[in-house]
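Visitor:
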Amino acid sequence: MKYLTLTLRQSRETRHPMQNFIADSSAVDREELLTWNILREEGVEYLLFYVEGDPDPYRTAVAEVESIPEFALVPIDSRSFYAYVQQETRDTDRDFRSVFARRQLLVVPPIEYTGEGHMRFTLIGASDDLRTLLEDLPERIDADVEEVGDYDRRHGTVAAGLTDRQFEAASVAAELGYYEVPREGSLADVAAELDCAESTASNLLRKAEASVMGRVVGE
58 MKYLTLTLRQ SRETRHPMQN FIADSSAVDR EELLTWNILR EEGVEYLLFY
108 VEGDPDPYRT AVAEVESIPE FALVPIDSRS FYAYVQQETR DTDRDFRSVF
158 ARRQLLVVPP IEYTGEGHMR FTLIGASDDL RTLLEDLPER IDADVEEVGD
208 YDRRHGTVAA GLTDRQFEAA SVAAELGYYE VPREGSLADV AAELDCAEST
258 ASNLLRKAEA SVMGRVVGE
C-alpha cells in the first residue's frame with residue numbers, strides 16, 4: 058500500500074468561496090478539514106473544520122456562501138475554533154470528486170487549506186490507482202506531488218520523521234519507564250535492550266525527542 062501527499066491548485070473560479078477567502082484575507086492562519094459525511098443522494102454534506110484565526114471575519118464570510126445554509130462556530134480559545142458546516146454539494150465539487158471515486162483510494166484526514174487557497178492532503182492506495190489519478194485530473198487543476206512512498210502507521214503522526222532505529226529506541230525507552238516521572242528505567246537499561254553503547258542510545262533518544270518536539274510545535 059502506497060501513500061501520496063500532494064497539493065492541488067485550482068483556478069479561482071472553481072475553488073470554494075471559503076478557499077478564496079483564506080487566500081485573500083489575513084484572518085485565517087490555518088484551516089483543516091477534520092472529517093466529513095457526504096450524502097450523495099440528498100446532495101448534502103456535513104463538514105467539520107479546525108481553524109486558527111479570527112472567528113469574526115470567518116463568520117461573516119461563511120454566512121455569505123450560498124451553498125452553506127447552516128453552520129456553527131465553536132470556540133476553542135481566543136485564536137482557534139471548530140466550524141461545523143452543512144453544505145449543499147456544488148457541481149464543481151461533484152465533478153472534482155468523481156476522479157477519486159473511480160479509484161480504490163482513501164483520503165487520510167486532515168485536508169489542509171493553505172494560505173494560497175490550495176488543498177494539501179494524503180491519499181493511500183495501490184500504485185496504479187495513485188498514478189492514474191494524477192494523469193486523469195482535470196486540466197484546470199494542477200497537482201504538486203510532495204511525498205510518495207510505502208504507507209505505515211506512523212505516517213502523518215509526530216513519529217513520521219523518525220528513522221526505524223530512533224522509533225525503536227523511543228519505544229523501548231517508553232516500555233522501560235524511561236519517560237516516567239519519577240524515571241523508572243535508566244539509559245543503561247535502554248542501551249542494554251537495544252544492544253548498543255549508552256552513548257549510542259542517548260544519541261538516538263535525543264534525535265528522536267528533537268524530531269518529535271519539532272513536529273509538535275510546528276518547527
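The opening residue of the sequence shown carries number 58 in the numbering used here; numbering runs sequentially from there.
Backbone N, C-alpha and C fix where the C-beta goes; we use that ideal spot for every residue, glycine too.
Classify P166 as helix, strand or coil using the three-state DSSP reduction.
Guide: strand
Visitor: Verify whether the separation of the beta carbon atoms of E225 and G234 is less than 7 Å.
Guide: no
Visitor: State the DSSP-derived secondary structure class of Q161, mapped to helix, strand or coil.
Guide: coil
Visitor: So for E102, helix, strand or coil by DSSP?
Guide: strand
Visitor: Within a Cβ cutoff of 7 Å, which residues of the same chain sit near S184, ignoring the five residues on either side of it in sequence?
Guide: K59
Visitor: Leaving out the 5 sequence neighbours to the left and right, which residues in its chain are closer than 8 Å to D207 when beta-carbon positions are compared?
Guide: M58, K59 and Y60
Visitor: Taking 7 Å as the CB-CB cut-off, is E173 touching chain C?
Guide: Given the protein chain composition of this structure (a single chain), no chain C is represented.
Visitor: Between the alpha carbons of L130 and Y107, how many angstroms are there, rounded?
Guide: 10 Å
Visitor: Using the three-state DSSP reduction, which class does L244 fall into: helix, strand or coil?
Guide: helix
Visitor: What residue does the beta strand (DSSP E) around S137 start on, and which one ends it?
Guide: First-last of the beta strand (DSSP E) with S137: S137 to E145.
Visitor: Looking at the structure shown, is R188 part of a helix, part of a strand, or coil, going by DSSP?
Guide: Here R188 sits in helix by DSSP.
Visitor: Beta carbon of G174, beta carbon of R72: below 7 Å?
Guide: It is a contact, given that the beta carbons lie within the stated cut-off.
Visitor: With a cut-off of 8 Å on the beta carbons, I'd call E88 and I95 a contact; round off their distance for me.
Guide: With a Cβ gap of about 19 Å, E88 and I95 do not count as contacting.
Visitor: Within 10 angstroms of the Cβ of P112, are there 16 or more other Cβ atoms? Answer buried if so, exposed if not.
Guide: Buried.
Visitor: What's the C-alpha gap between E237 and V229?
Guide: Approximately 13 Å between the Cα atoms of the pair.
Visitor: Using 7 Å as the threshold, is the C-beta distance between A227 and A254 below it?
Guide: no
Visitor: Can the beta-carbon of L180 be found less than 7 Å from the beta-carbon of L162?
Guide: yes
Visitor: Near E169, which residues of its chain fall below 6 Å by C-beta distance, leaving aside the five closest residues on each side in sequence?
Guide: E89 and R177
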